Amino acid sequence: MSPPCPRGLFVTGTDTGVGKTQVATALASLMRDRGLMVQPRKPVESGCRRIDGRLVPADALSLRTAAGLDVPLETICPYALEPALSPERAAALAGLTLGLDELANGCRGGLGAADFLLVEGAGGFYSPLAPGVLNADLAAALGLPVLLVAADRLGTIGHTLLTVEAIERRGLELAAVVLNRIRPAGDPGMDNAADLSRWLGRSVIVSGYQAPTATTDGWRALRPVLAALAARL
8 MSPPCPRGLF
18 VTGTDTGVGK
28 TQVATALASL
38 MRDRGLMVQP
48 RKPVESGCRR
58 IDGRLVPADA
68 LSLRTAAGLD
78 VPLETICPYA
88 LEPALSPERA
98 AALAGLTLGL
108 DELANGCRGG
118 LGAADFLLVE
128 GAGGFYSPLA
138 PGVLNADLAA
148 ALGLPVLLVA
158 ADRLGTIGHT
168 LLTVEAIERR
178 GLELAAVVLN
188 RIRPAGDPGM
198 DNAADLSRWL
208 GRSVIVSGYQ
218 APTATTDGWR
228 ALRPVLAALA
238 ARL
């Protein structure tokens, strides 16, 4: 029998580099401020730097800091990988074979009954995590609502609609769509927020310009636009 689904959220993207970590980190900070015991997880992270002989997952470090936790980084990110490639490929190069059970258990491990599980995936919803395992499979195994982060740029409408359809086909709840502006300026005639809202039949959350790196200033600047979402989680 599968473990009961925890209370939580799965943060995914239309692609890599769309600002998932900034969004997840800002949410962790907001929920902590509300008095929730938020437990962030990034079960596998590639592109980790080696510092003093140890691989340090930067995204997981940012999540831990925002959540105010004093736990080993291995609790947040059980599988830290050095090559800046897909987790599936990076793990293979490291001689490590991952599976869905290992990834799901890495997310659930150490959770208390009242904890809020905040999982950040790697890459897009259909990006591979392990042989035969996509982010979509992990989200479905955990049974969590999905927060979709998309970059506010040309082409995002098609990418977002495809990803929303994939989320719905897995029988998962779409919690919200965050349109993250990762470039300082775009075509003044483009209005992805209005177009996506019309196609989706729901409003989308729109951020101001944020470089797609998990800096402290970056995720703090996202807090105001994500506050309403955090309040209803």
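Sequential numbering from 8 applies to the sequence shown in my numbering.
C-beta atoms are modelled at their ideal positions from N, C-alpha and C, and glycine is treated no differently.
Keep in mind it's a predicted model, so treat the numbers as computed, not measured.
What residues are listed by DSSP as bridge partners for residue i?
| i | result |
| --- | --- |
| residue 16 | 125 |
| residue 212 | 185 |
| residue 131 | 20 |
| residue 47 | 125 |
| residue 171 | For residue 171, which the question treats as bridged, DSSP gives no partner whatsoever. |
With a cut-off of 8 angstroms, does the C-beta of residue i fall near any C-beta of chain D?
| i | result |
| --- | --- |
| residue 51 | In the structure shown, chain D does not exist; there is a single protein chain. |
Quick check on DSSP: helix, strand or coil for residue i?
| i | result |
| --- | --- |
| residue 188 | strand |
| residue 201 | helix |
| residue 221 | Any reading at residue 221 needs caution, since the residue's pLDDT is 47, under 50, leaving its predicted position unreliable; the model's value is listed next. Coil at residue 221, not helix or strand. |
| residue 154 | strand |
| residue 148 | helix |
| residue 229 | helix |
Confirm, please, whether the CB-CB distance from residue j to residue i is below 8 angstroms.
| i | j | result |
| --- | --- | --- |
| residue 144 | residue 107 | yes |
| residue 129 | residue 53 | yes |
| residue 135 | residue 84 | no |
| residue 46 | residue 229 | no |
| residue 105 | residue 98 | yes |
| residue 173 | residue 132 | yes |
| residue 64 | residue 95 | no |
| residue 193 | residue 159 | yes |
| residue 199 | residue 170 | no |
| residue 237 | residue 61 | no |
Practice problem: Please determine if the stretch 149-160 and the stretch 178-191 are in contact, where contact requires at least 3 C-beta pairs separated by less than 8 angstroms. | Solution: The stretch 149-160 makes contact with the stretch 178-191: 3 or more CB pairs, one atom from each, lie closer than 8 angstroms.
Quiz item: Whole beta strand (DSSP E) runs in the stretch 53-125 with 3 or more residues, listed along the chain?
Solution: Here the runs fully enclosed are 56-58 and 61-63.
Quiz item: Are three or more beta carbon pairs between the stretch 33-46 and the stretch 65-73 nearer than 8 angstroms?
Solution: Contact holds: three or more Cβ-Cβ distances are below 8 angstroms.
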